[in-house]
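Chains as they are written, first to last, in the working numbering: chain A, 2 to 454; chain B, 799 to 977.
See below:
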């Protein structure tokens, strides 16, 4: 026990053999090497195939309309909506790691924050596509923008659905700014190591002529801090508003004041799970064990555990609420949710999100890549199921027994799900091939503090 | 070449401690047009080299946020209460609680965008070419070396004197930077 505490308190975040130039070389080499490693090609081809599936599924959808999916009355919100919630939660996890833990001055964040931010940008792509797919008349999605038009009308600013749209679009734009500001000094490092004209121009233009002068750094630190301080509450608001989409409806199982924090807890746990999986992948693929150490995995594991505990609390509240209140519809729906057609899903998500993650209390589990990876994968599946339960079981036992009905996904539902994973992974593989995947400047700062000199 | 006025004189250091010592020394000797180039932010270096400025970045960000707040609230108010008043369940046209969410998001969007453009403004970026890039070895300023440049516009600029001075501060290499 004392040994573990000591190790945690004093183990370096960066392995002692890393030097200022070796970290630059290692990270730059990843993006500058002329040929990508084989695992990259395997991963990229796989995700590109899935992406093509998404293209086909989208075309099929545009031609035939959303009747190709299993959605119908009463279950009119199906996979597209639940996947939107799932992806935006995964994206939020990236911001939590990079912004929230920047503010708490958690040094371990520095080696993983770029991976987390990359993940957030990539997950924003499927998250943004899903609602557009869902609306039926996809070509008219721009009607939700507030712009002067010949119809003389405006979007309904009082609707949580519009708030949600505003949140997501602001979030994506802000994430790009935040990501890019963090990237500038690192692409400057890559620029100075590039030896072919094409790469020199590409990274040179991206670096905007960054010189790393004292004035540059001072401004940069201020700007980065301000951005982090804004992004942290912003990401909480984004996912809370997703919760309001549901809480604003009168449907049993949705109409609950706990939804905004409940959804945010879900974002913490699922986002962290995906950060852990991708960090392990990148660390293994590029051999970054000296920069991404056990201490990082340990810290990420602890936060995921915190997310799981908070989420378990929300599950308990969700189960207790219907019996505390007097609404028969809430009770009927809840009993159907737990013991009905989709009951097995309820128990599965409880196991994956609430029970199995409790293993993370053991330091040995947090420090080993394989158990950590498996628990994280379980959580990602579990969170998908959670969204399935929230969206679908609530609708299928609405207030009027005359409008009860079941939902069965079709092939095109599953194709859209697979395709959304495809577009995410494809973007992720592209970014880790061409842009620095670890924040070189921040790791150097930590080394400077840890190693002196 | 030697007749032309140089941009400045550039000294290369191997450690952060050495560059801080040199920066302090130059400042004490009255040099005011000195700039450091380092691979990572070194705490306090900017304070040694430059006069403290007003915190312009936070001020600008605040102004940006204010513009975003006014713009977004006014847009909603004008659309929902003046241009196309729509009675929803008898609620007031100016339903401010419902307008706060979008207002918040657009406010913070404006703040972050302002912060980004403030970074470009105060760093004078994008500027793809700069004379210091011609200094020998300067590509290591983004890797593992620390550079200090005394610019020729400094009133005490004297290349020979500076050469000696910088060498005394353990500069491994001192060279003129052509302008």
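Glycine residues also receive a C-beta, built at the ideal position from the N, C-alpha and C atoms.
query, result
"Determine, using beta carbons only, whether residue 818(B) comes closer than 8 Å to chain A.", "no"
"Can you name the residues that DSSP bridges to residue 947(B)?", "808(B) and 833(B)"
"Would you mind stating whether residue 80(A) and residue 407(A) have Cβ atoms separated by less than 8 Å?", "no"
"Would you mind stating whether residue 940(B) and residue 900(B) have Cβ atoms separated by less than 8 Å?", "no"
"Please list, in chain order, all residues of the same chain as residue 806(B) whose beta carbon is under 7 Å from its beta carbon, the five residues on each side excluded.", "947, 948, 949, 950 and 975"
"Can you name the start and end residues of the alpha helix (DSSP H) that residue 147(A) belongs to?", "Segment: none, residue 147(A) is in no alpha helix (DSSP H) and carries neither H nor E."
"Pull the bridge partners of residue 971(B) from the DSSP assignment, please.", "810(B)"
"Between the alpha carbons of residue 857(B) and residue 907(B), how many angstroms are there, rounded?", "16 Å"
"Closer than 7 Å between beta carbons: that is the criterion. Which residues of the region 902-916 of chain B meet it against chain A?", "902, 903, 904, 906, 907, 909, 910, 911, 913, 914 and 916"
"To which residues does DSSP link residue 214(A) through a beta bridge?", "835(B)"
"Identify whether residue 347(A) lies in helix, strand or coil by the three-state DSSP scheme.", "helix"
"According to the neighbour-count rule (16 or more other Cβ atoms, all chains shown, within 10 Å of its Cβ), is residue 966(B) buried or exposed?", "exposed"
"Starting from the beta carbon of residue 829(B), find every residue of chain A whose beta carbon is closer than 9 Å, and list them in chain order.", "Under the 9 Å cutoff, chain A gives no residues; its nearest Cβ is about 14 Å from residue 829(B)."
"Are the C-beta of residue 61(A) and some C-beta of chain B separated by less than 8 Å?", "no"
"Are the CB atoms of residue 155(A) and residue 878(B) nearer to each other than 8 Å?", "yes"
"On the criterion of 16 or more Cβ atoms from any shown chain inside 10 Å, does residue 862(B) qualify as buried, or is it exposed?", "buried"
"Note the first and the last residue of the continuous alpha helix (DSSP H) segment covering residue 108(A).", "Segment: none, residue 108(A) is in no alpha helix (DSSP H) and carries neither H nor E."
"Would you give the residue range spanned by the alpha helix (DSSP H) that residue 927(B) belongs to?", "Taken as a continuous stretch (DSSP letters only), residue 927(B) belongs to no alpha helix (DSSP H), as it is neither H nor E."
"Return the residue from the list 212(A), 135(A), 337(A) and 64(A) that minimises the CA-CA distance to residue 83(A).", "135(A)"
"Looking at the structure shown, is residue 980(B) part of a helix, part of a strand, or coil, going by DSSP?", "Coverage of chain B is limited to positions 799 through 977, which leaves residue 980(B) absent and any answer about it impossible."
"Does the structure place the region 397-406 of chain A close enough to the region 15-26 of chain A that three or more beta carbon pairs sit under 8 Å?", "no"
"Excluding the 5 residues flanking residue 182(A) on each side, which residues of the same chain have their C-beta closer than 7 Å to its C-beta?", "224, 225 and 228"
"Starting from the Cα of residue 409(A), find the closest Cα among 264(A), 49(A), 257(A) and 78(A) and give me that residue.", "78(A)"
"Is there a C-beta anywhere in chain B that falls below 8 Å from the one on residue 31(A)?", "no"
"Residues of chain A with CB closer than 8 Å to the CB of residue 925(B), please, in chain order.", "209 and 210"
"Tell me, please, whether the CB atom of residue 873(B) is closer than 8 Å to any CB atom in chain A?", "yes"
"Does residue 814(B) have its Cβ less than 8 Å from a Cβ in chain A?", "yes"
"Have a look at 362(A), 398(A) and 349(A) and flag the residue whose alpha-carbon is nearest the alpha-carbon of residue 380(A).", "349(A)"
"Measure the alpha-carbon distance for residue 97(A) versus residue 358(A) and round it to whole angstroms.", "19 Å"
"At 7 Å on the CB atoms, spell out the chain B contacts of residue 445(A), in chain order.", "837 and 838"
"Quick one: is residue 159(A) near chain B, going by C-beta distance under 8 Å?", "yes"
"First and last residue of the alpha helix (DSSP H) that includes residue 414(A)?", "412-435"
"Identify whether residue 299(A) lies in helix, strand or coil by the three-state DSSP scheme.", "helix"
"How is the alpha helix (DSSP H) around residue 193(A) delimited, first residue to last?", "161-194"
"So, helix, strand or coil for residue 954(B), using DSSP?", "coil"
"Considering just the uninterrupted stretch of the alpha helix (DSSP H) at residue 30(A), what are its terminal residues?", "21-33"
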